[in-house]
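Colleague: What the sequence shown shows, in the UniProt record's numbering, is residues 1 to 477, in sequence order.
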Amino acid sequence: MADVTDTTHTPATVKFQASEKSKDATTTNHEVASSSGSTTKPARNIEFQPPSRYMTTQSLGVDDYFAGPRDIQKHSKLPFFMRMHGSIMPKMILPLAFVCAWATAITCISKLVHALEVDTVLLTVLGFVVAFGLSFRCSTAYERYNDGRKYWSQLTLASRNLARTIWINVDERKDAEHPEYAKQDLLGKVSAIQLINAFAVALKHRLRFEPAVDYPDLSNLVVHLPGTMAQHADQSGLRHRKPSPLKRLGEHLGVTFAQSNPRKLLKRSHQNLGNLPHEILAHLYAYIEKVTTDDETLKSGVCQSNAYSDIRSLGDVLTGTERVLNTPLPLAYSISISQITWAYIVVLPFQLVKQLDWITIPATAIAAYIILGLAMIGREIENPFGNDVNDLPLELFCTEIAADLDVLTSIPADEYKSFVKASENRPLFPLSWGTAAEWEAQSMEEIREALRAKATTSSKDIELERAKSNNADIQAV
Numbered sequence: 001m002a003d004v005t006d007t008t009h010t011p012a013t014v015k016f017q018a019s020e021k022s023k024d025a026t027t028t029n030h031e032v033a034s035s036s037g038s039t040t041k042p043a044r045n046i047e048f049q050p051p052s053r054y055m056t057t058q059s060l061g062v063d064d065y066f067a068g069p070r071d072i073q074k075h076s077k078l079p080f081f082m083r084m085h086g087s088i089m090p091k092m093i094l095p096l097a098f099v100c101a102w103a104t105a106i107t108c109i110s111k112l113v114h115a116l117e118v119d120t121v122l123l124t125v126l127g128f129v130v131a132f133g134l135s136f137r138c139s140t141a142y143e144r145y146n147d148g149r150k151y152w153s154q155l156t157l158a159s160r161n162l163a164r165t166i167w168i169n170v171d172e173r174k175d176a177e178h179p180e181y182a183k184q185d186l187l188g189k190v191s192a193i194q195l196i197n198a199f200a201v202a203l204k205h206r207l208r209f210e211p212a213v214d215y216p217d218l219s220n221l222v223v224h225l226p227g228t229m230a231q232h233a234d235q236s237g238l239r240h241r242k243p244s245p246l247k248r249l250g251e252h253l254g255v256t257f258a259q260s261n262p263r264k265l266l267k268r269s270h271q272n273l274g275n276l277p278h279e280i281l282a283h284l285y286a287y288i289e290k291v292t293t294d295d296e297t298l299k300s301g302v303c304q305s306n307a308y309s310d311i312r313s314l315g316d317v318l319t320g321t322e323r324v325l326n327t328p329l330p331l332a333y334s335i336s337i338s339q340i341t342w343a344y345i346v347v348l349p350f351q352l353v354k355q356l357d358w359i360t361i362p363a364t365a366i367a368a369y370i371i372l373g374l375a376m377i378g379r380e381i382e383n384p385f386g387n388d389v390n391d392l393p394l395e396l397f398c399t400e401i402a403a404d405l406d407v408l409t410s411i412p413a414d415e416y417k418s419f420v421k422a423s424e425n426r427p428l429f430p431l432s433w434g435t436a437a438e439w440e441a442q443s444m445e446e447i448r449e450a451l452r453a454k455a456t457t458s459s460k461d462i463e464l465e466r467a468k469s470n471n472a473d474i475q476a477v
């Protein structure tokens, strides 16, 4: 059987792969605790770390310079022109080597054998066409990159809104005869919010043409969903085979013959793999239907409308990101711009050799680096969802969504509603140090008069009150 190990090298995936090493030990502990009958508490993952505490690697290996997306939490003190990670320099090595060899041959023949010269008028005409083509290429590529980021921002917004509606507005029934209802409602809310996280992770894998469901960051989020098409497929055939060292080197250097078809896993499978993010939305929709009609725990009509609207917004994100992924720049444009660019670079030494002599060689190399560099940047960011260094850090976006949802569910819904009567609440600060309980003893007219005074108090007086407050805190410490 062929080797089907996963070859993704992103920091988040490496982290999940590392956690899988302890998965067997954790599962064993769970089985022992269950079989012994000594406890009924669910087993906990002793290796668990909150997303906010994930540690990134302190140094980059050789492969890390070519694999992405780049960890934006890292900071480099090097000037931009000296940085390699994120640069397109590795993919420029072979093209620049060819350009230097070509410029050297033309210069040597022109100086030592026979003059090979072209009027500089051609340089001006072709230069305008190349500049126009590169401008169009880069602008359309960045537009797609920006659209991808906007869709993920919309995903984050809709996820937070939907999770907040579920956690705050879906009631937990308090029935003395059926105390289990409250626990069922609580676990139902947590399960639905977990599906929001599952949607983001499933969308990330779908946009990277990774159709399997047994990825470490996804499997435990969707394994309980009945009837998803991808779960019934042969998972062993949905993994990338380990590339040979020569193929990996070719990919790092940007050799087109070494690059694989990103859709090859989809083409390899002869089964219907479905659309996992869309299926997750169907389960979320069913949950909202359940709490609104069957359980009647989501009673507010406005909140019901907001929940359905947020799910539709997640559907818009799914469709929009698929549009960005599946409608690249028309192939005719890409081919024409590439041909025009290379024609200009090939003709360039003939136009420079008369004025620059032997300096034609480095001048042609510098011009080629500028022109080809812009073209390669446009090609790299055209698909913002991949594993290139400059692609969007989808792992980080998913981690941020998961962390936000965990923070939301860490506080009971009732406590979010009790902040008004908290003893530390000073609603009219800095005008007054009075707490909400103290202001409740005042009349309505006094409260409104104080609000009016707070609005008309000069900014200097407010700053003075804040300074006094800070000094009082310092003295208390």
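Note that CB positions come from ideal geometry on N, CA and C, so glycine has one too.
(1) For residue 272, which residues from the same chain have a beta carbon less than 6 Å from its beta carbon, with the 5 sequence-adjacent residues on both sides left out?
(2) Have a look at 320, 372, 254, 147 and flag the residue whose alpha-carbon is nearest the alpha-carbon of residue 339.
(3) Out of 299, 263, 314, state which residue places its alpha-carbon closest to the alpha-carbon of residue 285.
(4) Please name the residue, chosen from 327, 241, 447, 396, that lies closest to residue 268 on a Cα-to-Cα basis.
(5) Is it buried or exposed for residue 81, if we count other Cβ within 10 angstroms and need 16 for buried?
(6) With 16 other CB atoms within 10 Å as the buried threshold, where does residue 27 fall?
(7) Taking only the alpha-carbon atoms, compute the straight-line gap between residue 202 and residue 251 and give it to the nearest angstrom.
(8) Taking the straight line between their C-alpha atoms, what separation do you get for residue 349 and residue 358?
(9) Between 383, 121, 414, 298, which has its C-alpha nearest residue 188's C-alpha?
(10) From this set, 334, 311, 420, 355, which residue's C-alpha is nearest residue 161's C-alpha?
(11) Within 10 Å of its beta-carbon, does residue 204 have 16 or more other beta-carbons around it, so buried, or fewer, so exposed?
(12) Nearest CA to the CA of residue 394: which residue from 152, 146, 196?
(13) From residue 355 to residue 98, what does the alpha carbon distance come to, in whole angstroms?
(14) Tell me the residue span of the alpha helix (DSSP H) that contains residue 313.
(15) Classify residue 329 as helix, strand or coil using the three-state DSSP reduction.
(16) Around the C-beta of residue 383, are 16 or more other C-beta atoms found within 10 angstroms, so that it is buried, or is it exposed?
(17) Give the C-beta separation of residue 100 and residue 365 to the nearest angstrom, bearing in mind that I take them to be a contact with Cβ-Cβ under 8 Å.
(18) Pull up the CB-CB distance for residue 530 and residue 283, whole angstroms please, since I reckon it's below 8 Å.
(19) Mind pulling the alpha helix (DSSP H) runs of 4 or more residues that sit fully within the region 104-152?
(20) So, with DSSP's three-state summary, where would you put residue 223?
(21) Can you give me the C-alpha to C-alpha distance between residue 482 and residue 264, rounded to a whole angstrom?
(22) Could you check which residue in 406, 440, 274 has the C-alpha nearest to that of residue 427?
Modeller: Reading from the atomic positions:
(1) Here residue 272 is taken as the residue at index 272 of the sequence shown, counted from 1. Correct list, in chain order: 229.
(2) Indexing the sequence shown from 1 puts residue 339 at position 339. The option with the nearest alpha carbon to residue 339 is 372.
(3) For the purposes of this step, residue 285 is taken as the residue at position 285 of the sequence shown. The candidate whose alpha carbon is nearest that of residue 285 is 314.
(4) Counting from one through the sequence shown, the residue named residue 268 turns up at place 268. Considering only 327, 241, 447, 396, the residue with the shortest C-alpha distance to residue 268 is 241.
(5) The count along the sequence shown starts at 1 and reaches residue 81 at position 81. Exposed, because fewer than 16 other Cβ atoms sit within 10 Å of the Cβ of residue 81.
(6) In the sequence shown, counting from the first residue as 1, residue 27 sits at position 27. With a pLDDT of only 45 at residue 27, under 50, the local geometry of the prediction cannot be trusted, and the value read off the model is given with reservation. By the 16-neighbour rule on beta-carbons within 10 angstroms, residue 27 is exposed.
(7) Residue 202 sits at position 202 when you count from the first residue of the sequence shown. Residue 251 sits at position 251 when you count from the first residue of the sequence shown. Rounded to the nearest whole angstrom, the C-alpha separation of residue 202 and residue 251 is 26 Å.
(8) By 1-based counting over the sequence shown, the position of residue 349 is 349. By 1-based counting over the sequence shown, the position of residue 358 is 358. Taking the straight line from one Cα to the other gives about 10 Å.
(9) Reading the sequence shown from its first residue, position 188 is the one you call residue 188. The shortest C-alpha separation from residue 188 is found at 298.
(10) The residue you call residue 161 lines up with position 161 of the sequence shown. The residue with the shortest Cα to Cα distance from residue 161 is 311.
(11) Locating residue 204 in the sequence shown gives position 204, counting from the first residue. Answer is buried; the Cβ neighbour count reaches 16.
(12) Counting from one through the sequence shown, the residue named residue 394 turns up at place 394. Nearest option by C-alpha distance: 152.
(13) Here residue 355 is taken as the residue at index 355 of the sequence shown, counted from 1. Here residue 98 is taken as the residue at index 98 of the sequence shown, counted from 1. Roughly 22 Å separates the two Cα atoms.
(14) For the purposes of this step, residue 313 is taken as residue 313 along the sequence shown, with counting starting at 1. Residue 313 -> alpha helix (DSSP H) spans 301-326.
(15) Counting from 1 along the sequence shown, the entry for residue 329 is found at position 329. Secondary structure of residue 329 (DSSP, three-state): coil.
(16) Indexing the sequence shown from 1 puts residue 383 at position 383. Buried, because 16 or more other Cβ atoms sit within 10 Å of the Cβ of residue 383.
(17) Here residue 100 refers to the residue found at position 100 of the sequence shown. Here residue 365 refers to the residue found at position 365 of the sequence shown. With 8 Å as the limit, residue 100 and residue 365 qualify as a contact, their Cβ atoms being about 5 Å apart.
(18) Examination of residue 530 is not possible in this model, given that the chain is present from 1 through 477 alone.
(19) For the region 104-152, not a single whole alpha helix (DSSP H) run of length 4 or above is found.
(20) For this step, residue 223 is matched to residue 223 along the sequence shown. Assigned with DSSP and collapsed to three states, residue 223 falls in coil, not helix or strand.
(21) Outside the displayed range of the chain (1 to 477) lies residue 482, so it cannot be described from this structure.
(22) For this step, residue 427 is matched to residue 427 along the sequence shown. Closest by alpha carbon: 440.
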